[in-house]
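Residue numbers (this note's numbering), protein chains in the order written: chain D, -4 to 317; chain W, 88 to 415.
Shown next as structure tokens:
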């Protein structure tokens, strides 16, 4: 299968001021030299804790956040330098589902107008055709036609997220970026939305970039996974490889921290605690960023930063001792 | 030995625009010292209301205990005076809230806030209370507690703030600690640290813990007993292992199987998740004489809509409120 999205050496940095108004300017590298690929029709999950840069990376891919360096190839074309009409064309192909279904819908618009908005701004279709598309979308995401005239506050959280999904589908995109699409929902509703997302992927041949911190959800949704820590990808592998044979100590700790109902697994696994907090993102230490919390860190880790290396079978790890 | 906490047929009513609704309907439970009991369920099922009722913090003029008893350490809290409740709160029963950022005061340092809680209940000088606060921060494993006590909440990470909240809750060595979704806002690695900390502190102090959560995985790790709540009623109650092994209520089954868990025997294939269709009924439908879960249940029969299901006991102390519990 071909790669739909190919991100190479993406860097996003923010300017921060230290020490009041006269302080020195410094840069915070939220996403630092990150590369990953997503095959057409598949799901790549980016996991990591808050502050790891996963959302920033996704926003950069959607061109909603300016990148500092790197390439973002969609269908073999670099979309980073695009402007104006070319960028508008690209926006049709990349759509976004947001985390919070309460704040991501305009409260003053009716549901049908919300879903139609991307069509209004990104396509030149006639009004009748747009209305037809919106109707079809409501059916596709499991909402009733009479609900099209309602306002967002008249829907439950799960139904609102369905509206958000319908909106993302409106321009028939190739890539949909789902930024924690279920973390604001109740567990029973989560299952409904996750099943819907997978059904839509099958029906429309969608490619997902799935951002999440919930490893259970990621395990269920993704074909491959990139684990991020402090702006870096530390491990990137296919789903089965990553979950059955995690090789980076951070991934191992992350997996062992997830509470499980499976008693056999609980008995077999030893929880790897990583003490302390991540380092200050503005003054990063030399060497590996995980070294200060890593259970297997050696002197070498505090000197040289490990590169993300492929083991020849597509399992990439950034660790000196994996 | 009498249990530390006994709740008998508790009924709590909320006055809403549509009339009076029972947010907690006929709830009974027992909790011994040193044990952990967990409440699970979706939002709007009455988990947090139970916690507030135990603390005597029901919203004034809106919520009231309509029937039943809350016997804590031999004393019925539903009959206790506001002064007495004030003594008990923070001293014998204390609580950790979900959002560590909004439940700490942003304009006081963390040390001052902990010391304030100590001084409210114990006759200590400012200096002594401050020293105790530093000690507590050390006990919840905040590095350099002396230096961090003067920090304001915004200077701490989410995990550290939750630790500070735990330190405050533990200040007077409570006999019962109520943790209302203590880790929902935190990352998994931090959640693991907090759970470890709670377990260790429980071992040292012998306190009982009530853990409110929606994550069955967290229940399995932390608690001995679990109460599954649905629409203000108990759906199932019993030992965690027995209930996860063989849930007797369709709602419990749904809660366990609708979440994608990381399991030991992972396969390439990923079947669709089990869906529990629909959502929790609204408050005005609470209290009807029928099974409130019936509208979302695959095993529904005429009987479920005609009458509220009785409590049925099973081996090992498992109780399920379902007409079809034997068949499940």
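By construction, the Cβ of each residue, glycine as well, lies at the ideal position given by its N, Cα and C atoms.
As the structure is a prediction and not an experimental result, all values here were calculated from the model.
Would you call residue i buried or exposed, if buried means 16 or more other Cβ atoms sit within 10 Å of its Cβ?
i: residue 224 of chain W; result: buried
i: residue 148 of chain D; result: exposed
i: residue 193 of chain W; result: exposed
i: residue 125 of chain W; result: buried
i: residue 241 of chain D; result: buried
i: residue 181 of chain W; result: buried
i: residue 241 of chain W; result: exposed
i: residue 427 of chain W; result: In this structure chain W extends from 88 to 415, so residue 427 of chain W is not present and cannot be described.
i: residue 352 of chain W; result: exposed
i: residue 89 of chain D; result: buried
i: residue 305 of chain D; result: exposed
i: residue 300 of chain W; result: buried
i: residue 110 of chain D; result: buried
i: residue 400 of chain W; result: exposed
i: residue 230 of chain D; result: buried
i: residue 181 of chain D; result: buried
i: residue 393 of chain W; result: exposed
In this structure, what does DSSP give as the bridge partners for residue i?
i: residue 285 of chain W; result: Partner(s): none; residue 285 of chain W has no beta bridge.
i: residue 109 of chain W; result: W:100
i: residue 182 of chain W; result: W:265
i: residue 92 of chain W; result: W:118 and W:159
i: residue 326 of chain W; result: W:312
i: residue 400 of chain W; result: W:406
i: residue 151 of chain D; result: DSSP lists no partner for residue 151 of chain D.
i: residue 26 of chain D; result: D:7
i: residue 223 of chain D; result: D:228
i: residue 299 of chain W; result: W:126 and W:267
i: residue 92 of chain D; result: D:173
i: residue -2 of chain D; result: D:34
i: residue 39 of chain D; result: D:204 and D:219
i: residue 312 of chain D; result: D:230 and D:304
i: residue 150 of chain W; result: W:101
i: residue 342 of chain D; result: Within the shown structure, residues of chain D are numbered from -4 to 317, placing residue 342 of chain D beyond reach of any answer.
i: residue 317 of chain W; result: W:320
i: residue 176 of chain W; result: W:180
Since residue i and residue j are thought to touch, with beta carbons under 8 angstroms apart, how far apart are those beta carbons, to the nearest angstrom?
i: residue 128 of chain D; j: residue 165 of chain D; result: 7 angstroms
i: residue 132 of chain D; j: residue 87 of chain D; result: So it is not a contact: roughly 15 angstroms between Cβ atoms.
i: residue 307 of chain W; j: residue 262 of chain W; result: Not a contact, Cβ separation roughly 25 angstroms.
i: residue 65 of chain D; j: residue 10 of chain D; result: Going by Cβ atoms, the distance from residue 65 of chain D to residue 10 of chain D rounds to 18 angstroms, so no, they are not a contact pair.
i: residue 96 of chain D; j: residue 152 of chain D; result: 6 angstroms
i: residue 247 of chain W; j: residue 268 of chain D; result: In fact, because the Cβ distance is near 16 angstroms, the residues do not count as touching under 8 angstroms.
i: residue 146 of chain W; j: residue 118 of chain W; result: Not really, about 24 angstroms apart at Cβ, beyond 8 angstroms.
i: residue 59 of chain D; j: residue 29 of chain D; result: The pair is not a contact, with the Cβ atoms about 16 angstroms apart (cut-off 8 angstroms).
i: residue 290 of chain D; j: residue 244 of chain D; result: 6 angstroms
i: residue 266 of chain W; j: residue 297 of chain W; result: 7 angstroms
i: residue 368 of chain W; j: residue 407 of chain W; result: At roughly 20 angstroms, the Cβ-Cβ gap does not stay under 8 angstroms, so residue 368 of chain W and residue 407 of chain W are not in contact.
i: residue 370 of chain W; j: residue 140 of chain W; result: Not quite, the Cβ-Cβ distance comes to about 16 angstroms (not below 8 angstroms), so this is no contact.
i: residue 326 of chain W; j: residue 252 of chain W; result: Contact flag wrong, Cβ pair sits at about 29 angstroms.
i: residue 303 of chain W; j: residue 94 of chain W; result: Not quite, the Cβ-Cβ distance comes to about 22 angstroms (not below 8 angstroms), so this is no contact.
i: residue 219 of chain D; j: residue 213 of chain D; result: Rounded, the Cβ-Cβ distance is 10 angstroms, inconsistent with contact.
i: residue -3 of chain D; j: residue 34 of chain D; result: 7 angstroms
i: residue 97 of chain W; j: residue 155 of chain W; result: 4 angstroms
i: residue 204 of chain W; j: residue 177 of chain W; result: 6 angstroms
Is residue i close to the ligand NAD? I mean its beta-carbon at under 7 angstroms from any heavy atom of the ligand.
i: residue 59 of chain D; result: This structure simply doesn't include the ligand NAD, nor any ligand for that matter.
Chain-ordered residues of the region 353 to 365 of chain W with a beta carbon less than 8 angstroms from chain D | 353, 355, 357, 359, 360, 361, 362, 363 and 364
Using a Cβ-Cβ cut-off of less than 7 angstroms, list which residues of the region 223 to 241 of chain D approach chain W; keep chain order.
-> 235, 238 and 239
Chain D contacts made by the region 284 to 312 of chain W, where a contact means CB separation under 7 angstroms | 301, 302, 303, 304, 305, 307 and 308
For the region 112 to 136 of chain W, which residues have a beta carbon sitting closer than 7 angstroms to at least one beta carbon of chain D?
-> 129 and 130
At 4 residues or longer, and completely inside the region 145 to 214 of chain D: list those alpha helix (DSSP H) runs for me, N to C.
-> 152 to 164 and 182 to 199
Which residues, in chain order, does the region 169 to 187 of chain D contribute to contact with chain W at a C-beta distance below 9 angstroms?
-> Flagged, chain order: 181, 182, 183, 184, 185, 186 and 187.
At a Cβ cut of 8 angstroms, what residues of the region 137 to 158 of chain D count as close to chain W, listed as they run along the chain?
-> So the close ones are 151 and 153.
At a Cβ cut of 9 angstroms, what residues of the region 110 to 121 of chain D count as close to chain W, listed as they run along the chain?
-> none
Could I get the ranges of all uninterrupted alpha helix (DSSP H) runs contained in the region 199 to 261 of chain W, with 4 residues as the minimum, in chain order?
-> 213 to 226, 232 to 235 and 245 to 257
Taking any Cβ of chain W, which residues in the region 35 to 62 of chain D have a Cβ under 8 angstroms from it, in chain order?
-> 44 and 45
Select from the region 271 to 304 of chain D all residues with a C-beta closer than 8 angstroms to any C-beta belonging to chain W, and list them in chain order.
-> 271 and 272
Selection of the region 243 to 269 of chain W by Cβ proximity to chain D, strictly under 8 angstroms | 244, 245, 246 and 247
Return the chain-ordered ranges of every beta strand (DSSP E) run that is complete within the region 50 to 96 of chain D and spans a minimum of 3 residues.
-> 64 to 69 and 89 to 92
Residues from the region 196 to 222 of chain D in contact with chain W, defined by Cβ distance under 7 angstroms | Correct list: 208, 210, 211, 212, 214 and 215.
Within the region 238 to 303 of chain D, note down every full beta strand (DSSP E) run reaching 3 residues or more, in order along the chain.
-> For secondary structure counted as the beta strand (DSSP E) over 3 or more consecutive residues, the region 238 to 303 of chain D holds no complete run.
Within the region 348 to 401 of chain W, ranges of the alpha helix (DSSP H) (whole runs, at least 4 residues) = Taking only runs of at least 4 residues, the alpha helix (DSSP H) segments lying wholly in the region 348 to 401 of chain W are 389 to 393.
If you measure beta-carbon to beta-carbon, which residues of the region 332 to 352 of chain W are closer than 7 angstroms to chain D?
-> Within the region 332 to 352 of chain W, the qualifying residues are 341, 342, 343, 345, 346, 347, 348, 349, 350 and 351.
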